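Heads up, the thing below is written out as structure tokens.
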Amino acid sequence: MLICVDLDGTLLDTVPANAASYRAALEELGFTVSDEYYADHCNGGYYKEFLRPLMGGDPDAADVERVHDRKKELYGDFLDTVRPNRALFELLQNLRAAGHRLACVTTGSRRNATEVLSHFGCVCWFDLILTSEDVEKSKPDPEGYLKAMEHFGVTPAETMIFEDSGPGLAAAKASGAAVFKVEAF
Numbered sequence: 002m003l004i005c006v007d008l009d010g011t012l013l014d015t016v017p018a019n020a021a022s023y024r025a026a027l028e029e030l031g032f033t034v035s036d037e038y039y040a041d042h043c044n045g046g047y048y049k050e051f052l053r054p055l056m057g058g059d060p061d062a063a064d065v066e067r068v069h070d071r072k073k074e075l076y077g078d079f080l081d082t083v084r085p086n087r088a089l090f091e092l093l094q095n096l097r098a099a100g101h102r103l104a105c106v107t108t109g110s111r112r113n114a115t116e117v118l119s120h121f122g123c124v125c126w127f128d129l130i131l132t133s134e135d136v137e138k139s140k141p142d143p144e145g146y147l148k149a150m151e152h153f154g155v156t157p158a159e160t161m162i163f164e165d166s167g168p169g170l171a172a173a174k175a176s177g178a179a180v181f182k183v184e185a186f
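The sequence shown begins at 2 in this note's numbering and counts up one residue at a time.
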């Protein structure tokens, strides 16, 4: 059985770290975002979509990339604000011990995903980590989950996915796998 898990909001509550690092990056260009707005409108979304309204609606594409790149640089400064989903941590450790393969499928960057997973000592749990750099289409497209299944040579019937956000749940359901919704932890 392949166990796929989303990172942000599912395995880890990274909202505070993501909001703080985006806020710091945006403020360098004269924009901002509140923690509440980030949690309600940005978390789980694709940065090229949610940054646009925060940057006046029609920002230069290079400025959007600059904010995103700067956010990735700043992210490590806020890792102490991240909270693990202890129940899911325990479940994943038990599933791994039972011989199941684990994949992390996130819309986040490889740099930030590796950084936060390393911070919590669990990067080694995953046999595969797929990030925004590994797909052409972000969630809600199922591409990331389908790539994970292809990598391990398994079918949707042999896959379980843990997700939390609207786009992530849509991607998981579209993949055909069994989907488990993670709510507040």
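Just so it is clear, CB atoms sit at the ideal spot from N, CA and C, and this is done for glycine as well.
Source: prediction; values computed, not measured.
Spatial neighbours of residue i in its chain, beta-carbon cut-off 6 Å, leaving aside the 5 residues before and after
i, result
"residue 102", "3, 128 and 153"
"residue 36", "20"
"residue 43", "51"
Exposed unless 16 or more other CB atoms sit within 10 angstroms - verdict on residue i
i, result
"residue 140", "buried"
"residue 138", "exposed"
"residue 86", "buried"
"residue 156", "exposed"
"residue 184", "exposed"
Simplified DSSP assignment, three categories, for residue i
i, result
"residue 82", "helix"
"residue 18", "helix"
"residue 187", "The requested residue 187 does not occur in the structure, where the chain is confined to residues 2 to 186."
"residue 121", "coil"
Neighbourhood of residue i by C-beta distance below 8 Å, restricted to the same chain and skipping five residues each side
i, result
"residue 65", "48, 49, 52, 53 and 56"
Rounded distance between the beta-carbons of residue j and residue i, thought under 8 Å
i, j, result
"residue 34", "residue 23", "6 Å"
"residue 75", "residue 26", "6 Å"
"residue 136", "residue 122", "Not really, about 26 Å apart at Cβ, beyond 8 Å."
"residue 8", "residue 109", "6 Å"
"residue 111", "residue 134", "5 Å"
Cβ shell of residue i (< 7 Å), same chain only, five flanking positions each side left out
i, result
"residue 124", "115 and 118"
Give the list of continuous alpha helix (DSSP H) stretches no shorter than 4 residues that lie fully inside the region 46-92.
48-55 and 62-75
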